[in-house]
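Chemist: Quick note: the sequence shown uses my numbering, first residue 147, plus one each step.
Glycine residues also receive a C-beta, built at the ideal position from the N, C-alpha and C atoms.
Sharing a structure below in structure tokens format, with a few things to ask.
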Amino acid sequence: MPPLRLLTLTLALAATFSEVWAAAEPLLLKPSEGLQVPRGYHTVQGDRIDGSSDRFLQAEGQVVIRDDQQGQIKTDWLRYEDAADEAICRGPVTMTRPGERITGKDLSLRLTSRLGDMHSVTYWLAGKGKPLLPVQGVARQMFFEGPDKYRMEAVTYSTCTPDRQDWVLRADEISIDYNTSLGKARQARVEYLGVPILYSPWLRFSLDNERKSGFLSPTYGASDSRGLEVILPWYWNIAPNRDATLVPRYMGRRGLQLGGEFRYLEKAYSGQVWADFLPSDSVAKRDRYQLNLTHQQHFSPRLSGHLRLQGVSDTAYFTDLSGHVNQTSMVNLPREASLAYRGDRWNGSLRVQTYQALGGISSAPYERLPQINLGATQADLYGSRARLDLTAELTHFDHPDSRFVKGQRAYAYPTLSLPLQTTYGFLTPRLGLHLSNYQLGSQSGVLRDSIGDKPAGGYLDSTRSLPIFSLDAGVYLERDWQLGGSTLLHMLEPRAYYVRIPHKNQTHIPVFDSGQQDISLSQLFSENQFSGVDRINDADQLTVGITNRFVNADKGIERLQLTLAQRFYFRDQTVTLPGGTARTTSSSDILATASAPINPRLRLNAGLRYASADQVIAQASLGGTYNGGPGRRINADYRYTNKLYGQLKSLDVSFQWPLQPQWYAVGRANYAFAENRLAEGLLGFEYNPGCWSLRGVVQQLATNTNTATTAFFLQLELRGLTQLGPNPLDVLKRNISGYVKSDDITSP
């Protein structure tokens, strides 16, 4: 135990008074305010100091004890017992050091071990090291139980300031340990704006928002389907890389459901398991359950695996028991397992995929039992610029509905290209051969595939081979423009893309996973207008496009980008999807896009699709984003589709905006004018005066033409203690691009 030293004494004085101090006259010392305290020592300053060497020290009048950690104890009367290393202070006492300010009366403290107690305490604590949320309150008695450990009786606790204590935790006892960043309370009562809102005989809370085992805040709710609802989660921090949450859930109309989540993270694997079980649903009169499992495995740096299992006891599970819009709108639940290998020149994968169809088996996608993929690349072929690529697949397609055609598809697509790139342009000729084979099962009872009805001649086993040639070329042109005293770099990028594919009749080939791609700039510069490989269009076509960029030469900031593109056909296209119409026009629709940052906060973008055959605007869009800083965000997007192409008129607006200091409004409205209804809507508020925040959100999602699902969220967050109510943050981040939690907003 380090001795207590009066470092203001000179060595001569220490020798003169080596046995007895102030036997007749007290020794008066001059304060040394700027004195550095050596490591492991304490200093005492006072108007009068008496004592006996190696026994005790007594000081009176403006007494200050300093340590080597910038800590101070101020009092009017002190007695230090050397044998016990104990400081006893009578009357008012103030203790300060980094992250701590405590005032009270009658302190008894062992200085080195930090063991002791104080009465009638007012405290302010923030811990040491990493920044933590300060807490303050009062206590009848505080016990010091070691470095950075406190236990208080008849105590209040809050992260609010004393002059505005909107919420307070009152408890018979609270323990705070900054070594573990954990707080505990016994017989705890939480008051919010003077109203008791929560009682718990035992409460644990984190001091640093890190994971801690214990009960989480309860969630309350009510609905017509479930009745009164109470959820009391218990969190178990098993290890830094593992945790679990048990979720008992009482539903007044349904009964008691037990749910749980387990998460794990290792160097070679990670995953998550969620399960719910409701025995003997009081309404449905049967057991109800849900399972959702995901697992990722890394067998080596090149070989990985993935497993996903999702299922429910019945098709009405989410409708009856879930209040989340994203769950109640689910149609198919995936179940799949896969292995993937990625090498330097080739890669491959094996996948098995099925679904649980909640909307009926006829709406389910095809199952892949299994699917094998292979890809390979060889650049700089034989020392040249040539490049050889290969994609191949073997899949067995199955379907739970016996009316759907089933079978096996195999294809391989090797290509040889010669990419030529310079600073002023590029040229890439490419030649490929698409080979595919279909082996189908029994046709008995088969009526259709994923797109439409069976063709007149039925589905046939078949082999298809199609050579595909493409030529992609572009030029980069630049020139300087003087505009308003600034220099703009005008970049002109014309591009031409030619594709040649011969015609082959494919009506007898079933469609397992192909579809018509939406027309877009990327689609215009691609070989096939269909997704998947069940249909490959015949083509003799040329796409031409041009991109204009205007860039501020001094700052390197793009001021405007304009793109225009159109495809020209040199012959009619006859390959279609089932029920489709062959194209006979000589050109495609014209596509145009524009993007411009008006200023550092406002950016606009627009798109236009002009149908040259019908001489109408087929599609148009206009959008913009205003970003005025954290918490000041407006997104708007208007979309129009002509009735000849599937009528659509919609306006999608979302925002987060301060109404006044501490108040934020949030919202989203995606309105479909053609149906005269709200396709998706969200409206809410967030109030954050500093030590707490209140979030209220109502969300509505149209599930079909006549029905919609509505969800309500109301959450009270007491900073540094707990959260009460369902959390709307995921919903807000999903619906409002650029949303920022109010706690993270640092500027108005």
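(1) For a quick check, are the C-beta atoms of Gln554 and His542 less than 8 Å apart?
(2) Could you check which residue in Thr242, Asp193, Thr249 has the C-alpha nearest to that of Leu224?
(3) If you reduce the DSSP assignment to three classes, tell me which class Val877 lands in.
(4) Tell me the DSSP secondary structure of Tyr435 in three-state form.
(5) May I ask which residues mark the beginning and end of the beta strand (DSSP E) holding Thr561?
(6) When you compare the CB positions of Arg713 and Lys650, do they come within less than 8 Å of one another, or not?
(7) Inspect the beta-carbon positions of Leu145 and Leu315 and report whether they are closer than 8 Å.
(8) For Ala169 and Gln204, what's the separation of their Cα atoms in angstroms?
(9) Run through DSSP, which three-state label would Ile665 get?
(10) Is there contact here, the region 666-678 with the region 587-602, by at least three beta-carbon pairs under 8 Å?
(11) Taking Val799 and Arg814 to be in contact with their CB atoms under 8 Å, please state how far apart those CB atoms are, rounded to whole angstroms.
(12) Rounded to a whole number of angstroms, what is the C-alpha to C-alpha distance between Leu175 and Ser327?
(13) Check whether the Cβ atoms of Gln793 and Ser741 lie closer than 8 Å to each other.
(14) Taking C-alpha atoms, which residue in Met288, Leu635, Ser582 lies nearest to Ala538?
(15) Would you call Ala764 buried or exposed, if buried means 16 or more other Cβ atoms sit within 10 Å of its Cβ?
(16) Quick check on the burial criterion: 16 or more other C-beta atoms within 10 angstroms. Buried or exposed for Arg681?
(17) Using a Cβ-Cβ cut-off of 8 Å (strictly less than) and excluding sequence neighbours within five positions of Gly494, which residues of its own chain qualify?
(18) From Tyr557 to Gln585, what does the alpha carbon distance come to, in whole angstroms?
(19) Just to confirm before moving on: does the CB-CB distance between Gln662 and Leu723 stay below 8 Å?
(20) At which residue ranges does the region 398-482 contain complete beta strand (DSSP E) runs of 3 or more residues, listed in the order of the chain?
(21) If you draw a straight line from the alpha carbon of Phe696 to that of Ala752, how long is it in whole angstroms?
(22) Of all the options Val762, Asn773, Asp760, Thr856, which has the alpha carbon lying nearest to the alpha carbon of Leu750?
(23) Please go through the region 485-515 and give each complete beta strand (DSSP E) segment of 3 or more residues, from N-terminal end onward.
(24) Hey, how far is the Cα of Ser475 from the Cα of Asn438?
(25) Helix or strand or just coil, what does DSSP make of Tyr791?
(26) Identify whether Gly529 lies in helix, strand or coil by the three-state DSSP scheme.
(27) So, are the CB atoms of Asp783 and Ser767 less than 8 Å apart?
(28) Taking DSSP's pairing of strands, which residues face Pro342 in a bridge?
(29) The beta strand (DSSP E) with Phe615 in it runs from where to where?
(30) On the CB-based measure, 16 or more other CB atoms within 10 Å of its CB, does Lys879 come out buried or exposed?
(31) DSSP three-state label for Leu706, please.
(32) By alpha-carbon positions, which one of Tyr570, Ala699, Ala390, Ser672 ends up nearest to Asn683?
(33) So what does Arg713 bridge to, in DSSP terms?
(34) With a floor of 4 residues, list each alpha helix (DSSP H) that falls wholly inside the region 826-850, ordered by position along the chain.
(35) Measure the alpha-carbon distance for Asp718 versus Gln675 and round it to whole angstroms.
(36) Within 10 angstroms of its Cβ, does Pro874 collect 16 or more other Cβ (buried), or is it exposed?
Modeler: So, from the data block:
(1) It is a contact, given that the beta carbons lie within the stated cut-off.
(2) The closest CA to that of Leu224, considering only Thr242, Asp193, Thr249, is found on Asp193.
(3) Here Val877 sits in helix by DSSP.
(4) Per DSSP, reduced to three states, the secondary structure at Tyr435 is strand.
(5) First-last of the beta strand (DSSP E) with Thr561: 553-563.
(6) It is not a contact, given that the beta carbons lie outside the stated cut-off.
(7) This structure does not reach residue 145, given that the chain is present from 147 up to 894, and the question cannot be answered.
(8) For Ala169, the predicted structure reports a pLDDT of 39, less than 50, and the residue's modelled location is therefore unreliable. A value from the coordinates is still provided. One alpha carbon belongs to Ala169, the other to Gln204, and they sit about 13 Å apart.
(9) In the three-state scheme derived from DSSP, where H, G and I count as helix and E and B as strand, Ile665 is classed as coil.
(10) They do not touch, by the three-pair rule.
(11) Contact between Val799 and Arg814 holds, with the beta-carbon distance rounding to 7 Å and staying under 8 Å.
(12) In this prediction, Leu175 scores a pLDDT of 47, lower than 50, which makes its location untrustworthy; the coordinate-derived value is nonetheless stated afterwards. Looking at the two C-alpha atoms, the distance is approximately 42 Å.
(13) No, the Cβ-Cβ distance between Gln793 and Ser741 is not below 8 Å.
(14) The shortest Cα separation from Ala538 among Met288, Leu635, Ser582 belongs to Ser582.
(15) A residue is called buried when at least 16 other Cβ atoms come within 10 angstroms of its Cβ; Ala764 meets this threshold and is buried.
(16) The residue is buried, with at least 16 neighbouring Cβ atoms inside 10 Å.
(17) For Gly494, where only same-chain residues beyond five positions count, the Cβ hits under 8 Å are Ala486, Tyr487, Ile518, Asn519, Leu520, Gly521.
(18) Taken atom to atom, the span from the alpha-carbon of Tyr557 to that of Gln585 is near 12 Å.
(19) A distance below 8 Å separates the beta carbons of Gln662 and Leu723.
(20) Whole beta strand (DSSP E) segments, 3+ residues: 401-411, 415-424, 434-444, 449-458.
(21) For Phe696 and Ala752, the distance between alpha carbons rounds to 16 Å.
(22) Of Val762, Asn773, Asp760, Thr856, the residue nearest in Cα terms is Asn773.
(23) Those beta strand (DSSP E) runs which fall completely within the region 485-515 and span 3+ residues are 492-503.
(24) Roughly 16 Å separates the two Cα atoms.
(25) Tyr791 carries a helical assignment under DSSP once its states are collapsed to helix, strand and coil.
(26) In the three-state scheme derived from DSSP, where H, G and I count as helix and E and B as strand, Gly529 is classed as helix.
(27) Yes, these two residues count as a Cβ contact at 8 Å.
(28) By DSSP's assignment, Pro342 forms a beta bridge with Glu337.
(29) In the DSSP assignment, Phe615 falls within the beta strand (DSSP E) that extends over 608-621.
(30) With fewer than 16 other beta carbons inside 10 angstroms of its own, Lys879 counts as exposed.
(31) In this structure, Leu706 counts as strand in the three-state DSSP scheme.
(32) Comparing Cα-Cα distances from Asn683 to each of Tyr570, Ala699, Ala390, Ser672, the minimum goes to Ser672.
(33) Looking at the DSSP output, Arg713 shares a beta bridge with Thr689.
(34) Correct list: empty.
(35) Cα-Cα distance, rounded: 14 Å.
(36) Buried, since its Cβ has 16 or more Cβ neighbours within 10 Å.
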